[in-house]
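Protein chains: 2
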Amino acid sequence: MHPLIAHFQTYLPLSAEEMELITGRASQRKVKRRQLILREGFTCKHYSFVVRGCFRMYAIDEKGTEHNVQFAAEGDWIADIGSFHAGKPSGFCIEAIEPSDILQIEQQDLYFLYTNIPKLDRIFKVIIENKFIELQNRVLQNISSTAQQRYLHFLEQYPHLANRLPNTQIASYLGITPEFLSKIRKDLAGQ
Amino acid sequence: MHPLIAHFQTYLPLSAEEMELITGRASQRKVKRRQLILREGFTCKHYSFVVRGCFRMYAIDEKGTEHNVQFAAEGDWIADIGSFHAGKPSGFCIEAIEPSDILQIEQQDLYFLYTNIPKLDRIFKVIIENKFIELQNRVLQNISSTAQQRYLHFLEQYPHLANRLPNTQIASYLGITPEFLSKIRKDLAGQ
DNA sequence: CGGATTTCTTAAGATAGTTTAAGGTTATCC
DNA sequence: GGATAACCTTAAACTATCTTAAGAAATCCG
């Protein structure tokens, strides 16, 4: 079955016509490791659904340091939704961390689908609600926990990511330097 | 006009019947300063829309320290949506910072409205998308900026809140101690 | 397979933020 | 209107995290 249909059906059942409308507007794409699917300064034109592989969305500060705001692996959506909806230049880059396969929906196609399949408003409402809850927990971690606690929490919450990602990317996500993460890991090992 | 109708109409127009359905399921409530409308350990039963006043949602850590994850003032919604949808005990408290008026919708009523007014799925999708974007920017701040930068950013982004809130609440939101915020303010003043 | 690049680690010195304690100020509530 | 509680500030000692630098290990890609 088409991966997008399977994905949406985990939320609500779809009719045959609805499935056809959806698959007709999603285009498949292969992405190489390190390839960018969104570049800072450009408008985010697609919602991307990860079929295989792994991505990160990051911002670059004045010093040139990259800060990971989000990862996306199989079954996740990734986009700069601020830029996408406003049609304005993004402050983020989205990069494949592994060779990946994605399905992309363009803005006008997504809006078409929202209009013709009201169910999708509901589905995406639920998807983003869940992302919001996750993000809120991350904020709570950030304002209330030490880096070590945040790292342990990350390992628990995203074991599948912790395995695949270089520590340097995890450090960036946690808001610490790779050197300090290395120290944390040493401290944890030495118990 | 009913504040909720005015609020929803900033997103999409509503018919007279839709308005009636909505207003019939929202109940008005006055809340005193310091009163809790959600207590940790209890399930969040309502979406609350702030008509007048100001709220904070916070978690309490092992040491008893409170950590503000969100503020809500006039025109904002506040709820622990994780607890609300899962029907499980919340890890948060929601407290009025000022004497406030709110409109509350219970879970089954909100679900009824979602089902009978599909437009509301769209409206709440957009509302939460906007909250998500805000929250993502906050995460970026947290992982990439110093406390002073975060404070300045807060003043810029939420001037209406910065005026009304005690610094101690702002410090909690920024993830720093009130003492350190005091030092930051002193440093900024002395320029 | 092997050179190039990225990633991981260590450690010393520097900076950002916390803790504790105390005093002064302002707001709240009866 | 006055007692009480909340809020704000200061400063010194402490701890968490960053910076810099450099070498070792792992991974990628041709």
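Order-wise, the sequence lines are chains A and B.
For the first sequence, the working numbering gives the first residue as 2, with consecutive numbering after it.
For the second sequence, the working numbering gives the first residue as 2, with consecutive numbering after it.
Note that CB positions come from ideal geometry on N, CA and C, so glycine has one too.
Only a predicted model underlies this, so the values are computations on that prediction, with no experimental measurement involved.
Cβ contact annotation for A:GLN108 (same chain, cutoff 7 Å, sequence separation greater than five): LYS46 and PHE85, in chain order.
Under a criterion of Cβ atoms nearer than 9 Å, the residues of chain B adjacent to A:ALA60 are, in order, LEU141 and SER145.
Less than 8 Å separates the beta-carbon of B:ASN168 from that of B:LEU182.
Per DSSP, the unbroken alpha helix (DSSP H) holding B:ASP188 starts and ends at 179-190.
When DSSP states are grouped into helix, strand and coil, B:ASP81 belongs to the coil group. When the beta-carbon positions are compared, A:SER101 and A:ARG53 come within less than 8 Å of each other.
Each residue's CA atom was taken as its position, placing B:ILE95 and B:PHE9 some 23 Å apart. Residue environment: B:ASP122 is assigned as buried (16 or more neighbouring CB atoms within 10 Å of its CB, all protein chains considered). Within the segment 21-86 of chain B, the complete beta strand (DSSP E) runs of at least 3 residues fall at 28-32, 37-39, 47-53, 55-61 and 67-74. Taking A:ILE128 as the centre and dropping the five residues before and after it, the same chain places the C-beta of TRP78 closer than 7 Å to its C-beta, in chain order. By the neighbour-count criterion, in which 16 or more other beta carbons inside 10 Å mark a residue as buried, B:SER49 falls on the buried side.
Partner residues in the beta bridge of A:ASP102, as assigned by DSSP, are A:LYS31 and A:ARG53. Between A:LEU141 and B:ALA60, the gap from beta carbon to beta carbon is short of 8 Å. With fewer than 16 neighbouring CB atoms inside 10 Å of its own CB, B:ALA17 falls in the exposed class. The residues ARG57 and LEU162, in chain order, have a CB closer than 6 Å to that of B:PHE72 in the same chain once the five nearest residues on each side in sequence are set aside. Going by DSSP, A:ILE144 is part of the alpha helix (DSSP H) stretching over 120-145. The beta-carbon distance between B:LYS126 and A:PHE125, rounded to whole angstroms, is 6 Å. This is short enough to meet the 8 Å contact definition. Rounded to whole angstroms, the gap between the alpha carbons of A:LEU13 and A:LYS184 is 46 Å.
Here A:SER173 is buried. Its C-beta has 16 or more other C-beta atoms within 10 Å.
With at least 16 other beta carbons inside 10 angstroms of its own, B:ASN69 counts as buried. DSSP places A:TYR115 in the uninterrupted alpha helix (DSSP H) bounded by 108-117. With a threshold of 8 Å between beta carbons, A:PRO14 makes no contact with chain B.
The contact set of B:ILE118 on chain A, defined by CB atoms closer than 9 Å, is empty, because the minimum CB distance reaches about 10 Å. Contact note: A:LYS132 reaches chain B through PHE133, using a C-beta cutoff of 7 Å and chain order.
DSSP places A:PRO160 within a helical segment (H, G or I) once states are collapsed to three. The beta carbon of A:ILE177 sits closer than 6 Å to those of ALA148, all from its chain and outside the five residues before and after it, given in chain order. Under the Cβ distance rule, A:LEU136 counts among the residues neighbouring chain B, one pair being separated by less than 8 Å. For A:VAL51, the closest Cβ of chain B is not nearer than 8 Å. Taking the C-beta atoms as reference points, B:ALA27 is found nearer than 8 Å to B:ILE106. B:GLY176 reaches chain A at ASN143, ILE144 and SER145, counting residues in chain order whose Cβ is nearer than 8 Å.
According to the DSSP secondary-structure assignment, A:PRO90 is paired through a beta bridge with A:THR44.
Neighbours of A:PHE155 in chain B, taken as residues at a C-beta separation under 7 Å, are lacking, since the least C-beta distance is about 12 Å.
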